[in-house]
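In my numbering, the protein residues as written are 342 to 642.
In what follows, a structure is listed as structure tokens, so that the remarks can point back to it.
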Amino acid sequence: MGRPDRSGPAGCRRAPAHPGGAALLGAEVGRAPGRSDRRPDRARLAPLLEGGDPVRLVGSRVVRSDPLHRDPNETRFDLYAFLDPAREVGGDLYDFFLVDADHLFFLIGDVSGKGLPGSLFMTVSKALCKGAALRQGGRVAPVLVEANAELSRDNAEGLFVTVLAGTLNVSTGELEYCNAGHEPPHLLPRRERPLRSLDGGGPPLCALDDFEYAATSLRLAPGDTLCLVTDGVTEAMNDSGKLYGRTRLATVLSRLGDATSASQVGEALRSDVESFVAGAERADDMAILVLRWIGPSASGR
Numbered sequence: 342m343g344r345p346d347r348s349g350p351a352g353c354r355r356a357p358a359h360p361g362g363a364a365l366l367g368a369e370v371g372r373a374p375g376r377s378d379r380r381p382d383r384a385r386l387a388p389l390l391e392g393g394d395p396v397r398l399v400g401s402r403v404v405r406s407d408p409l410h411r412d413p414n415e416t417r418f419d420l421y422a423f424l425d426p427a428r429e430v431g432g433d434l435y436d437f438f439l440v441d442a443d444h445l446f447f448l449i450g451d452v453s454g455k456g457l458p459g460s461l462f463m464t465v466s467k468a469l470c471k472g473a474a475l476r477q478g479g480r481v482a483p484v485l486v487e488a489n490a491e492l493s494r495d496n497a498e499g500l501f502v503t504v505l506a507g508t509l510n511v512s513t514g515e516l517e518y519c520n521a522g523h524e525p526p527h528l529l530p531r532r533e534r535p536l537r538s539l540d541g542g543g544p545p546l547c548a549l550d551d552f553e554y555a556a557t558s559l560r561l562a563p564g565d566t567l568c569l570v571t572d573g574v575t576e577a578m579n580d581s582g583k584l585y586g587r588t589r590l591a592t593v594l595s596r597l598g599d600a601t602s603a604s605q606v607g608e609a610l611r612s613d614v615e616s617f618v619a620g621a622e623r624a625d626d627m628a629i630l631v632l633r634w635i636g637p638s639a640s641g642r
């Protein structure tokens, strides 16, 4: 990810982008010139792994694929999350948790830096966003304003982070979201309505001091699904140098409007990206977060 033009939102590059305290992973576990030499140092990874979350280490890669470890009696929403760092454990992140009985906060993001500085900045970014969300009751615009101010306060490396944050009222379907320079989310409606790209937003966090982020609101219908990705998806490249791209992403998602679960959408997208890349070495991390609103529970909880 490149450095944004700090002259304003228009100059900010749309840049790349974990359950009830879920996924975050992105730290360089060692400098190694060759893939065969890259082996994870579990002792160094341990401080980055949040209590009890299952993590699967494959070579130097930390791979997460979660339907969501949560209350099995929760029937109002469905979540899927996937994170796969590229050559190193990188800087992508996601998070989701209930702020209260009815409001689910979620985010996805990507830090500009690589290696240990980027991973530490990612960890701090996620923690600050979570703390702000709990203090702000999940109101996403104040969350990003607060996180932007705190991250900018001590940022000697000059890093930035793109973030898409949202809060869903899981009883009514009311959605509020705010985009800080991230890949636009896609809405997969039910009932044969067309796929929607939810555009708009502001610059990445740490790109502009004191930026006043604004939230957008809409109401989901039961069965509607949100798909959030980092640009490790759209910028995935095959051996011919061709990018996966937003057009292919939209085409794949438009075929999944009748999916019956968040994991069905997430796994279909992940599989299509892997098929497109066809074994080519990726240069960037990839994260996918899918949220499906099922509807208010029958018990009226």
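We treat Cβ as the ideally placed atom computed from N, Cα and C, and that holds for glycine.
Item, Value
"Pick from L475, I449, L630 and G432 that is closest to F462, judged by C-alpha positions", "G432"
"N-terminal and C-terminal residue of the alpha helix (DSSP H) that N496 is part of", "No alpha helix (DSSP H) contains N496, which DSSP labels as neither H nor E."
"Beta-carbon proximity check, A556 vs Y585, cutoff 9 Å", "no"
"L420 versus S512: straight-line alpha-carbon distance, rounded", "15 Å"
"Separation of L569 from A635, as counted between CA atoms", "Note that residue 635 is Ile in the sequence shown, not Ala. For I635 and L569, the distance between alpha carbons rounds to 17 Å."
"Closest by C-alpha distance to L632, when choosing among D551, A562, A427 and E487", "A562"
"Beta carbon of G607 nearer than 9 Å to that of D451", "no"
"Alpha-carbon to alpha-carbon, A521 and F552", "10 Å"
"Contacting residues, own chain, Cβ-Cβ under 8 Å from P374 (five flanking each side not counted)", "Unreliable placement is indicated for P374, whose pLDDT of 31 sits below 50; the coordinate value is still reported in the next sentence. Counting only Cβ-Cβ distances below 8 Å, and skipping sequence neighbours, we find nothing."
"Endpoints, alpha helix (DSSP H) assigned at D419", "Looking at the DSSP string, D419 is not in any alpha helix (DSSP H); the run it does join, the beta strand (DSSP E), is F418 to D425."
"Where the alpha helix (DSSP H) containing F462 begins and where it ends", "G456 to R476"
"Start-to-end residues for the beta strand (DSSP E) that takes in G507", "V502 to N510"
"CB contact flag (G479, F446, <9 Å)", "yes"
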